[in-house]
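Written below as structure tokens is the structure these notes are about.
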Amino acid sequence: MPELPEIEILKRHLEPRLEGSTIQGVTVFHPRSVRPDTPEKLLEVLADRRIQTVQRRGKFIVLQLSLNGRDSHSQLIIHLGMTGRLFLEPASASIRKHTTVSLSLGKQALILKDMRKFGRFTVDTTSIDKLGLDPIDDSLTTSYLFSRLQSSRQSIKVKLLDQHIIAGIGNIYAAEALFESRISPNRKAHELMRTDCARLIRAIKKVLKKSIRFGQGLDLDFAGDTPSNGLFYFGSHGTRSAGSSERFAVYGREKNPCRICATPISRTILASRATFWCHSCQPN
DNA sequence: CGTCATGTTAAGGA
DNA sequence: TTCCTTAACATGAC
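If you read the first sequence in the numbering used here, its first letter stands for residue 2, the second for the next number, and so on.
Given below as structure tokens:
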């Protein structure tokens, strides 16, 4: 369930439930799900550590750990990949299908269920060391984005997916933010004016915050009792969710009418990812 | 059968 | 060296 809004919602849910817990053990069902660590390395670094804080960095969840009351300078880095879901369940619960890793926390366990196995639990920090700025933080400025785009001949859409510039935007919200700012995904990054960058940043923040608010207002299914709708997971308490074609302006809406001008939404491939936009509202 | 999927990153070419 | 593009990874849905 992986872009910034979903991870932020998940982080807020986990924070009060994980902080203060002590890691008593780690069970690795799929060694690849802890790469580049080994199960032994993971256990060695995590055993007896206390979870001090739960943070989000881009699409990663980071648990800061301590040992015997002292900062142990170790952290558990969690990424959900494409299909990963985290569950907190009683230690006695039976193992779900597709469970790849389980952290024993005493009375409860934090488990990663991940059908495609692109997600992981790791103590290796290379994947978060060079992440770019967080888009819902004030540190992301027009000058920063403008300067980071100057040297690139790639399309702006591809640059939005580059986690080293802005961390947390994925294929869905890249499309939505570009539509919101009326910028074509095909525009070359270095061709954007400062004013385009300013508009784009406003659009990114708007689109991400709207989605976080949407998710917070829903009855999300963190117990995993109901199937996914493709973005968030909904509980049985009757929150009717809109499908992606209703909640998004362009993503997944190829050939459907643009909500602004009714022009059929276009679809193309950029950097081997599907890319949706309105040819008329987002001219080149 | 084939195509597509919210992400990251290795490999190879320019 | 740096930048860029493509495809691999693994599994299921349609």
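We treat Cβ as the ideally placed atom computed from N, Cα and C, and that holds for glycine.
Query, Result
"Minimum length 4: unbroken alpha helix (DSSP H) runs contained in the segment 37 to 68", "40 to 47"
"For Ser-237, three-class secondary structure by DSSP", "Per-residue confidence for Ser-237 stands at a pLDDT of 36, beneath the threshold of 50, marking its modelled position as unreliable; no derived number is given."
"Beta-carbon spacing of Ser-245, Gly-107 below 8 Å", "no"
"Assigned secondary structure, Leu-106 (DSSP; H/G/I helix, E/B strand, else coil)", "coil"
"C-beta atoms of Ser-34 and Leu-113 nearer than 8 Å", "yes"
"Cβ-Cβ distance between Leu-5 and Leu-209 below 8 Å", "yes"
"Three-state secondary structure assigned by DSSP to Ser-73", "strand"
"Residue interval of the alpha helix (DSSP H) (run including Asp-6)", "For clarity, residue 6 is Pro in the given sequence; the question names Asp instead. That run of the alpha helix (DSSP H) goes 5 to 19."
"Arg-254 classed as buried or exposed, judged by whether at least 16 other C-beta atoms fall within 10 angstroms", "buried"
"Cutoff 6 Å; reference Phe-119; Cβ partners in own chain excluding five residues on either side", "Gly-82 and Met-83"
"Gly-26 to Glu-45 span [Cα, whole Å]", "9 Å"
"Contiguous beta strand (DSSP E) assignments of at least 3 residues, all confined to the segment 116 to 201", "121 to 123"
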